Amino acid sequence: NAGVTQTPKFRILKIGQSMTLQCTQDMNHNYMYWYRQDPGMGLKLIYYSVGAGITDKGEVPNGYNVSRSTTEDFPLRLELAAPSQTSVYFCASSTRPGAKETQYFGPGTRLLVL
Amino acid sequence: GIQVEQSPPDLILQEGANSTLRCNFSDSVNNLQWFHQNPWGQLINLFYIPSGTKQNGRLSATTVATERYSLLYISSSQTTDSGVYFCAVDNPTSGTYKYIFGTGTRLKVLA
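Chains as they are written, first to last, in this note's numbering: chain L, 84 to 197; chain Y, 44 to 154.
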C-alpha cells in the first residue's frame with residue numbers, strides 16, 4: 084500500500100512550456116485534490132474530483148487542467164507555464180467525506196518556472 | 044469567502060513544554076481539519092474535528108463551532124513536533140470540501 088504517489092519530485096520548466104504532474108492513489112478513495120503551496124503560505128486548492136469523470140474548480144484553477152478517467156489517477160496539466168506557477172504541488176485523496184474524513188497527501192512536486 | 048486566521052504565527056518551545064495553537068474562522072463551517080507539515084514538507088492529517096473534542100496521544104483538539112474557533116493542544120512537546128501546523132475549513136459558501144487553509148503556525152521545539 085503505497086498511499087498517494089506523485090511524479091516527478093522536481094521539475095524545471097521554461098516559460099511557455101507544458102507538463103503533466105502525475106498523481107496516483109491505491110486506497111480506492113473517491114475524492115482527490117490538487118493543491119499548490121507557495122513559500123511560507125498555506126495550501127490553496129486548484130481542482131478536486133469526487134469520482135471518476137467528475138472534477139470541479141477550486142480556489143485557484145486558472146492555468147491548470149485536470150482529468151479523472153480512473154479512480155486511481157488524477158493528473159494535473161499545466162499549459163503555457165508562467166513564473167507565477169512556481170510552487171510546490173501536493174496531491175491528496177480522501178474517503179467519502181464524513182465523520183472520519185482524512186486527507187492523505189503525496190510527497191509533493193516542486194516546480195520551478197524560469 | 045471564509046477567512047482563516049491562525050495564531051501565533053511562530054512559536055519556539057523547549058522540549059517538554061506545552062502549547063496551544065488557535066484557528067479562527069470568519070463563518071460557519073461544515074468541516075475542519077488540522078494538519079502537520081514536517082520540516083521535510085510531508086503533510087499529515089492530525090484531526091478531523093468540525094466540533095467537539097478529540098485526543099490522540101499527546102495531541103488534542105477542540106472546536107467550538109458556535110464561536111468560530113478551534114484549538115490544537117500539544118503536551119510534553121518533542122523535537123519531532125517541529126514543523127508547521129495548518130487548520131483547514133470549508134463551508135457552504137466556499138463549497139463543501141473546497142478546503143481553505145490558514146497560513147499556519149510554525150513550531151520549533153528545542154532539545
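We put the CB at the ideal spot given by N, CA and C, even for glycine. Bear in mind the structure is a predicted one, so any value in this text is a computation, not a measurement.
_Any beta carbon of chain Y sitting closer than 9 angstroms to that of A85(L)?_
Residue-level contact check: A85(L) does not touch chain Y, since none of the beta carbons of chain Y fall below 9 angstroms from its beta carbon.
_Every unbroken beta strand (DSSP E) within the region 49-92 of chain Y, with a cutoff of 3 residues, ordered by chain_ = Secondary structure in the region 49-92 of chain Y: the beta strand (DSSP E) runs of 3 residues or longer, each lying completely within the stretch, are 53-57, 62-68, 74-80 and 86-91 in chain order.
*Does DSSP put Q201(L) in a helix, a strand or coil?*
Summary: the structure shown does not reach residue 201(L), with chain L confined to residues 84 through 197, and so no result is reported for it.
*Residue range of the beta strand (DSSP E) that L163(L) falls in?*
Under the DSSP assignment, L163(L) falls outside any beta strand (DSSP E); it carries neither an H nor an E label.
_In DSSP terms, what D156(L) is bridged to_ = T107(L), per the DSSP bridge assignment.
*Hey, quick one: how far does the beta strand (DSSP E) through I129(L) stretch, first residue to last?*
DSSP places I129(L) inside the beta strand (DSSP E), whose first and last residues are L126 to G134.
_Using a Cβ-Cβ cutoff of 9 angstroms, what residues of the region 106-130 of chain L are near chain Y? List them in chain order._
For the region 106-130 of chain L, which is checked against every Cβ of chain Y, the residues closer than 9 angstroms are Y114, Y116, Y118, Q120, G123, M124, G125, L126, K127 and L128.
*asked:* In the DSSP output, what is S103(Y) paired with across the bridge?
replied: In the DSSP output, where bridge partners are listed per residue, S103(Y) has Q98(Y) and Y116(Y).
*Given 8 angstroms, three or more beta-carbon pairs between the region 57-65 of chain Y and the region 184-194 of chain L*: The region 57-65 of chain Y, when compared against the region 184-194 of chain L, does not touch it at the 8 angstroms Cβ threshold.
*Taking the alpha carbon of G99(L) as the point to measure from, which residue in V171(L), F157(L), A165(L) and P122(L) has its own alpha carbon closest?*
The option with the nearest alpha carbon to G99(L) is A165(L).
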